[in-house]
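Participant:
Residue numbers (UniProt numbering): 1 to 273.
#1: In angstroms, rounded to a whole number, what distance separates the CA positions of residue 173 and residue 132?
#2: Which value, in whole angstroms, describes the spacing of the CA atoms of residue 114 and residue 185?
#3: I'd like to check one pair, residue 108 with residue 263: are the Cβ atoms closer than 8 Å?
#4: Please find out if some non-hydrogen atom of the ligand NAP comes closer than 7 Å to the beta-carbon of residue 95.
#5: Distance, Cα to Cα, residue 224 vs residue 215?
#6: Only counting the same chain, and skipping five residues up and downstream in sequence, which positions put a Cβ closer than 7 Å to that of residue 257?
#7: With DSSP run on the structure shown, which of helix, strand or coil describes residue 284?
#8: Return the residue from the list 265, 270, 230, 273 that minimises the CA-CA distance to residue 106.
#9: Can you list, in chain order, the stretches of the beta strand (DSSP E) that have 3 or more residues and sit fully within the segment 154 to 242?
#10: Ignore the nearest five residues each way along the sequence and tell me which others in residue 119's own chain have a CB closer than 6 Å to its CB.
#11: Please report how far the alpha carbon of residue 212 lies from the alpha carbon of residue 239, in whole angstroms.
#12: Buried or exposed for residue 70, please, with buried defined as at least 16 other CB atoms from any protein chain shown within 10 angstroms of its CB.
#13: Taking its Cβ as the centre, do 16 or more other Cβ atoms sit within 10 Å of residue 200, making it buried, or is it exposed?
#14: Apply the 10 Å Cβ neighbour rule to residue 153 and answer buried if 16 or more other Cβ atoms are within range, or exposed otherwise.
#15: Have a look at residue 99 and residue 177 and give me their C-alpha separation to the nearest angstrom.
#16: So, with DSSP's three-state summary, where would you put residue 119?
#17: To which residues of the same chain is residue 221 closer than 7 Å at the C-beta, ignoring the five residues directly before and after it?
#18: Do residue 140 and residue 180 have their C-beta atoms within less than 8 Å of each other?
#19: How close, in whole Å, do the beta carbons of residue 81 and residue 207 come, if the pair is a contact with beta carbons under 8 Å?
#20: Is it buried or exposed for residue 79, if we count other Cβ within 10 angstroms and need 16 for buried?
#21: Taking the alpha carbon of residue 125 as the point to measure from, which residue in 271, 111, 95, 136 has its own alpha carbon closest?
#22: Determine the closest residue to residue 307 out of 237, 171, 111, with distance taken between C-alpha atoms.
#23: According to the Cβ coordinates, are residue 241 and residue 182 closer than 8 Å?
#24: Going by DSSP, name the residue or residues bridged to residue 89.
#25: Is DSSP giving residue 77 helix, strand or coil here?
#26: In the DSSP assignment, find the alpha helix (DSSP H) that holds residue 259 and state where it starts and stops.
#27: Roughly how far, in whole angstroms, is the beta-carbon of residue 151 from the beta-carbon of residue 189, given that I think they are within contact range, below 8 Å?
#28: Between the beta-carbon of residue 195 and the beta-carbon of residue 273, is there less than 8 Å?
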């Protein structure tokens, strides 16, 4: 079975628990997002709110890591006595049409997350403003490459451009380079892993995700499967995307996870190179 990726590539189907390659949903909504993004930023970007967000940002740059990623299954493992009943929320293909809405919902629930960024979503000034806003709200920014190309089909020089160019762009906007790297479709290469380490980034795939599958592209179904997945265990690394149905579902997902006893881990507490 094959599905078309978010940039038109074709990727083989992954297992839902993320052990193979990430497939993006077919039928991604079309149309320019610049006006929507600008409107979201204008509605949430007052000086008072920006100051509030700066004060709320986690002050953990010098705090010792409390968790590390297990590369065998990409789950979050506590170091010493840290709380084990946690999950990690991650969002790929940011910051497209719904990332700021997702970030605001996360903030309302006191939930932490990583937004994995594609360079072609930070080309315009409104898109750059959204990324800056999300960073100022205290969310971690990850590298998902510049154009979401399949790395295994690129030369080493081309892979380097995809990865380093994105890091440079994020740093120019936020003042910080990403600390986390997720290859498109989860398809790393030996070179990309070495380069990620050189760039002081932690390579990260995921434990499970469903929002690219047609049957889960609605609020109720996505909430149900994300909260009741058989792969939901302590330290699960949850993959989601910048999509309308995910934005609609995220509040219910967080509430459901909390009902099951899970808190969201702060990415700033995860050990990185």
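Virtual Cβ for every residue (Gly too), placed ideally from N, Cα, C.
Facilitator: Looking at the atomic coordinates:
#1: Position 173 of the chain shown, counted from the first residue, corresponds to residue 173. Position 132 of the chain shown, counted from the first residue, corresponds to residue 132. If I take the Cα positions, the gap works out to 6 Å.
#2: By one-based count along the chain shown, residue 114 stands at place 114. By one-based count along the chain shown, residue 185 stands at place 185. Distance between the alpha carbons of residue 114 and residue 185: 17 Å.
#3: Numbered from its first residue, the chain shown carries residue 263 at position 263. Numbered from its first residue, the chain shown carries residue 108 at position 108. Going by C-beta atoms, residue 263 is not nearer than 8 Å to residue 108.
#4: Absent from the structure shown: the ligand NAP. Ligands present: none.
#5: As a working mapping, residue 224 is identified with position 224 in the chain shown. As a working mapping, residue 215 is identified with position 215 in the chain shown. Straight-line Cα distance between these residues: approximately 12 Å.
#6: On the chain shown, position 257 is the one that residue 257 refers to. Same-chain partners within the cutoff: 87, 227.
#7: Given that the chain is displayed from residue 1 to residue 273, the structure contains no residue 284 and the question cannot be resolved.
#8: Along the chain shown, one-based indexing puts residue 106 at 106. Comparing Cα positions, the closest option is 265.
#9: 237 to 241
#10: Stepping through the chain shown from its first residue, residue 119 is reached at position 119. Excluding residues within five positions, the ones whose Cβ falls inside 6 Å are 146, 166, 169.
#11: The residue you call residue 212 lines up with position 212 of the chain shown. The residue you call residue 239 lines up with position 239 of the chain shown. Spanning the two alpha carbons is a distance of roughly 10 Å.
#12: In the chain shown, counting from the first residue as 1, residue 70 sits at position 70. By the neighbour-count definition (other C-beta atoms within 10 Å, threshold 16), residue 70 is an exposed residue.
#13: Taking the first residue of the chain shown as position 1, residue 200 is located at position 200. Exposed, since its Cβ has fewer than 16 Cβ neighbours within 10 Å.
#14: Looking up residue 153 in the chain shown gives position 153. That one is exposed.
#15: Numbered from its first residue, the chain shown carries residue 99 at position 99. Numbered from its first residue, the chain shown carries residue 177 at position 177. C-alpha separation (whole angstroms): 19 Å.
#16: For the purposes of this step, residue 119 is taken as the residue at position 119 of the chain shown. Reduced to three states, the DSSP call for residue 119 is helix.
#17: Sequence index remark: in the chain shown, residue 221 carries index 221 (1-based). Result list for residue 221: 215, in chain order.
#18: Locating residue 140 in the chain shown gives position 140, counting from the first residue. Locating residue 180 in the chain shown gives position 180, counting from the first residue. Cβ atoms of residue 140 and residue 180: closer than 8 Å.
#19: Counting from 1 along the chain shown, the entry for residue 81 is found at position 81. Counting from 1 along the chain shown, the entry for residue 207 is found at position 207. With a Cβ gap of about 23 Å, residue 81 and residue 207 do not count as contacting.
#20: Translated into positions along the chain shown, residue 79 becomes position 79. Flag for residue 79 reads exposed.
#21: In the chain shown, counting from the first residue as 1, residue 125 sits at position 125. Checking every option, the nearest Cα to that of residue 125 belongs to 95.
#22: One cannot answer for residue 307 here, as it falls past the ends of the chain, which runs 1 to 273.
#23: For this step, residue 241 is matched to residue 241 along the chain shown. For this step, residue 182 is matched to residue 182 along the chain shown. Contact: no.
#24: As a working mapping, residue 89 is identified with position 89 in the chain shown. 238.
#25: Taking the first residue of the chain shown as position 1, residue 77 is located at position 77. Reduced to three states, the DSSP call for residue 77 is strand.
#26: Counted from its first residue, the chain shown places residue 259 at position 259. Here the alpha helix (DSSP H) through residue 259 covers 244 to 259.
#27: Translated into positions along the chain shown, residue 151 becomes position 151. Translated into positions along the chain shown, residue 189 becomes position 189. With a Cβ gap of about 5 Å, residue 151 and residue 189 count as contacting.
#28: Locating residue 195 in the chain shown gives position 195, counting from the first residue. Locating residue 273 in the chain shown gives position 273, counting from the first residue. No, these two residues do not count as a Cβ contact at 8 Å.
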